[in-house]
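Student: Protein chains in written order, with the working numbering: chain A, 6 to 414; chain B, 1491 to 1584. Got a structure for you, questions after.
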Amino acid sequence: MKDKQGQFFKGYITIHVNGRKPELFLNRCMHENISIWDIRKLDENTFEFKVYVGSLSSLKQIRRQMGYKISFKEKYGFPFWLAHLKIRKPLIIGIFLALFFILVLSNMVWQVKIVGVSPEIEYKIRERLDEYGLKQGVFKFSFQSVDDIERNITNELQDVMWIGIEQKGTTYIVQGVEKSQANDDHENRPQNLVASKAGVILEMLVEKGDPQVTVYQKVKKGDILVSGLIREGVGNENSESEKAEEEKNKIGIHAEGEVFAETWYTTETTVPLSYEHQTLTGEKDEHYKLNIGNFTLPIWDFFPPDFADTHTERSEKPLHFLNLKLPFSVQKDTIFEKETTRGERSKEEAISEGIAQAKREIKRHTNHDAEIIDEEILHQSVGNGKVRLELLFTVRENIAKPQPINQGE
Amino acid sequence: MKKWRGQLKQWVVNYFNLPEDVLLDLPRITTIGQIHAYIENHHGLVTFSENEILLRMKQGYVRVKGENFVLKTMLQEEIIVEGKIREVQYLEDS
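Following this line, the structure appears as structure tokens:
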């Protein structure tokens, strides 16, 4: 019985054999180990039976030796089906074209939806996304990784607190969260302005509130600079004895203003005397490859660029067929030209480099309205091929920091 | 001599409790109701028609009669007949 398995794939033919005593023909087939089945007697000299396509040649040999007439009636199975399809080439081409189009279209971006933000921000996000290559009608593997785009846009757009990109089939859903502006309610809360750093006050621009300090006064961190508690009916001088009662009459207002003070920063930096920089020259080459398991097939740009030194960014994205993930993926290698500069610098150069470094560091840590008014080298030493610097910077910056007044409500 | 060998085989079959069909090359005919007949250890097909199938055995013939016979499988030593089986007959070599 097991001979009958895989009938469809092997393919079989119904055959009529005609001659005197066709049993002899069957006996012969049996001896040759040709598997035949569904044998029927049609008339005295004709039998019908089925046989695999593969045994046809040995069947013909027997026929030649014994002189029976054989005629083929019906063909069934995969090999015939295949042969039949060969005749219908346009159909096959059509099927493959259709599959190919589905494959291509499944790997395109059909829609980029931006949700959760106002139209203005939506426009900004869309502009950025376009710049990073995430837009309608591009291939999924043509842009960089979604994580990078998310991070970059979040960093670039000040009004956006966070964005998340989610891929759903051929649609990308970009979810944004706007930075909400400070509450109006908050604006009028009573508050003091306190010192955020220790320093010497240089200039006071008080819009509202009662200044507690004067110019050239030294303040500590947390000292009240401008008080939000003022007396009702300013100008009326009261005697000492009533002062305690006055405290109660004071009302809280929203103190506002800027207090510029001289603050100090000491920083330590070390600058090596010999340096090595790696910079990208901006020249780049993009390579696309198709990954099938461990095998990599280059699709576009087969020749490596003639860069002396390179930095490669690799991103890999799986191919999809409709919603199915295929075991293939497209790999995009972006090869950048890298330049390495080495050099030595003198002690003086190292010191100025160190100061510049420290300045950049301070700029990062202070508000944008801060300015460095003086710098001083406290200590410097050279050792192990490095210059070690201890620097003191005098910075002019706004030290006023709002602090709500708790009125014990 | 041939007779002596036959007797020996018979003795072996009896003594070791072996299946006779294997050792003695006898036909083994299994029928499933009236529908199927499995005939093993045959020595060739003599005649086949809708109502009758005649098979050569080592000694003599086996004739199966019935209606609408179709040979489901035909292998070296096994034939499967499908149809409506009426009778199975053993014919002596004559």
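Virtual Cβ for every residue (Gly too), placed ideally from N, Cα, C.
For residue 196 (chain A) versus residue 259 (chain A), is the C-beta spacing smaller than 7 Å?
Tutor: Yes, they are a contact pair.
Student: Helix, strand or coil: which one does DSSP assign to residue 113 (chain A)?
Tutor: Three-state DSSP puts residue 113 (chain A) in a strand.
Student: Please work out which residues of its chain come closer than 6 Å, Cβ to Cβ, to residue 262 (chain A), disregarding the five sequence neighbours upstream and downstream, and give them in chain order.
Tutor: Contacts found: 210, 211, 212 and 231.
Student: Classify residue 361 (chain A) as buried or exposed, calling it buried when 16 or more other Cβ atoms lie within 10 Å of its own Cβ.
Tutor: Under this definition residue 361 (chain A) is an exposed residue.
Student: With H, G and I counted as helix, E and B as strand and the rest as coil, what does DSSP make of residue 203 (chain A)?
Tutor: Looking at residue 203 (chain A) - three-state DSSP - the assignment turns out to be coil, as it is neither helix nor strand.
Student: Looking at the C-beta of residue 1545 (chain B), does it have a partner C-beta in chain A at a distance below 7 Å?
Tutor: No - not a single Cβ of chain A is within 7 Å of the one on residue 1545 (chain B).
Student: Just to confirm my understanding: we take residue 404 (chain A), look at its own chain, exclude 5 residues before and 5 after, and list those with CB closer than 7 Å. What are they?
Tutor: Hits under 7 Å: 200, 201, 202, 204, 264, 266 and 268.
Student: Please look up how many angstroms separate the CB atoms of residue 27 (chain A) and residue 52 (chain A), rounded, as I've assumed it's under 8 Å.
Tutor: Right, their Cβ atoms sit about 4 Å apart.
Student: Would DSSP call residue 1503 (chain B) helix, strand or coil?
Tutor: In the structure shown, residue 1503 (chain B) sits in a helix (DSSP, three-state: H, G or I).
Student: Is residue 348 (chain A) helix, strand or coil by DSSP?
Tutor: Residue 348 (chain A): strand per DSSP, three-state reduction.
Student: Between which two residues does the alpha helix (DSSP H) containing residue 151 (chain A) stretch?
Tutor: Counting along the chain, the alpha helix (DSSP H) containing residue 151 (chain A) begins and ends at 151 to 161.
Student: What would DSSP say about residue 221 (chain A), mapped onto helix, strand or coil?
Tutor: Of the three classes helix, strand and coil, the one that applies to residue 221 (chain A) here is coil, per DSSP.
Student: Is the CB-CB distance between residue 119 (chain A) and residue 179 (chain A) below 7 Å?
Tutor: Going by C-beta atoms, residue 119 (chain A) is nearer than 7 Å to residue 179 (chain A).
Student: Please state if the CB of residue 108 (chain A) and the CB of residue 97 (chain A) are separated by a distance shorter than 7 Å.
Tutor: No, they are not a contact pair.
Student: Can you name the residues of chain A whose CB is closer than 9 Å to the CB of residue 1537 (chain B)?
Tutor: Going along chain A in sequence order, the residues near residue 1537 (chain B) (Cβ under 9 Å) are 26 and 28.
Student: Between residue 414 (chain A) and residue 234 (chain A), what straight-line distance do the alpha-carbon atoms span, to the nearest angstrom?
Tutor: Bear in mind that the predicted position of residue 414 (chain A) carries a pLDDT of just 47, short of 50, making it too unreliable to give a figure here.
Student: Thinking C-alpha only, which one of A:175, A:55, A:24 and A:74 is nearest residue 1563 (chain B)?
Tutor: Out of A:175, A:55, A:24 and A:74, A:55 has the C-alpha closest to the C-alpha of residue 1563 (chain B).
Student: Flag residue 42 (chain A) as yes if its beta-carbon sits less than 7 Å from any beta-carbon of chain B, otherwise no.
Tutor: Yes, residue 42 (chain A) counts as interfacial toward chain B.
Student: Hey, how far is the Cα of residue 176 (chain A) from the Cα of residue 144 (chain A)?
Tutor: Rounded to whole angstroms, residue 176 (chain A) to residue 144 (chain A) spans 12 Å at the Cα level.
Student: For chain B, find out if any of its Cβ atoms is closer than 7 Å to the Cβ of residue 68 (chain A); answer yes or no.
Tutor: By this cut-off, residue 68 (chain A) is not an interface position.
Student: Using a beta-carbon distance below 7 Å, is residue 1552 (chain B) in contact with chain A?
Tutor: So no, residue 1552 (chain B) is outside the interface.
Student: Can you confirm whether residue 35 (chain A), when its beta carbon is compared against all beta carbons of chain B, has any partner nearer than 7 Å?
Tutor: Closer than 7 Å: yes.
Student: Using C-beta distances below 7 Å, list every residue in its chain close to residue 159 (chain A), excluding the 5 sequence neighbours before and after it, in chain order.
Tutor: Excluding positions up to five away in sequence, the list reads 165, 167 and 168.
Student: So, is the C-beta of residue 46 (chain A) closer than 7 Å to a C-beta in chain B?
Tutor: It does: the Cβ of residue 46 (chain A) has a partner Cβ on chain B nearer than 7 Å.
Student: Taking all protein chains shown into account, decide if residue 363 (chain A) is buried (16 or more other Cβ within 10 angstroms of its Cβ) or exposed.
Tutor: By the neighbour-count rule (16 or more Cβ atoms within 10 Å), residue 363 (chain A) is buried.
Student: Give the C-beta separation of residue 344 (chain A) and residue 314 (chain A) to the nearest angstrom, bearing in mind that I take them to be a contact with Cβ-Cβ under 8 Å.
Tutor: So it is a contact: roughly 7 Å between Cβ atoms.
Student: For residue 47 (chain A), which residues in the same chain have their Cβ closer than 8 Å to its Cβ, ignoring the five residues on either side in sequence?
Tutor: Excluding positions up to five away in sequence, the list reads 21 and 53.
Student: According to DSSP, simplified to helix, strand and coil, what is residue 1582 (chain B)?
Tutor: The answer is coil: DSSP assigns residue 1582 (chain B) none of H, G, I, E or B.
Student: Report buried or exposed for residue 402 (chain A), applying the criterion of at least 16 other Cβ atoms within 10 angstroms of its Cβ.
Tutor: It counts as buried.
Student: Could you tell me if residue 103 (chain A) is buried or exposed, where buried requires 16 or more neighbouring beta carbons within 10 angstroms of its beta carbon?
Tutor: With fewer than 16 other Cβ atoms within 10 Å, it is exposed.
Student: Using a C-beta cutoff of 7 Å, does residue 1566 (chain B) count as contacting chain A?
Tutor: Taking Cβ atoms only, chain A reaches closer than 7 Å to residue 1566 (chain B), which makes this a yes.
Student: Report the residues of the segment 1515 to 1536 of chain B with a CB closer than 9 Å to any CB of chain A, ordered along the chain.
Tutor: Within the segment 1515 to 1536 of chain B, the residues whose Cβ lies closer than 9 Å to some Cβ of chain A are 1534, 1535 and 1536, listed in chain order.
Student: With contact counted as at least three CB pairs below 8 Å, one residue from each stretch, are the segment 330 to 341 of chain A and the segment 294 to 312 of chain A in contact?
Tutor: As far as the Cβ criterion goes, the segment 330 to 341 of chain A touches the segment 294 to 312 of chain A, which means the pair count is three or higher.
Student: Which full runs of the alpha helix (DSSP H) of 4+ residues lie inside the segment 309 to 385 of chain A, going along the chain?
Tutor: Those alpha helix (DSSP H) runs which fall completely within the segment 309 to 385 of chain A and span 4+ residues are 352 to 370.
Student: From residue 1553 (chain B) to residue 93 (chain A), what distance separates their C-alpha atoms?
Tutor: Spanning the two alpha carbons is a distance of roughly 51 Å.
Student: Identify which residue in A:30, A:101, A:111 and A:63 has its Cα closest to the Cα of residue 324 (chain A).
Tutor: Minimum Cα distance to residue 324 (chain A) is reached at A:111.
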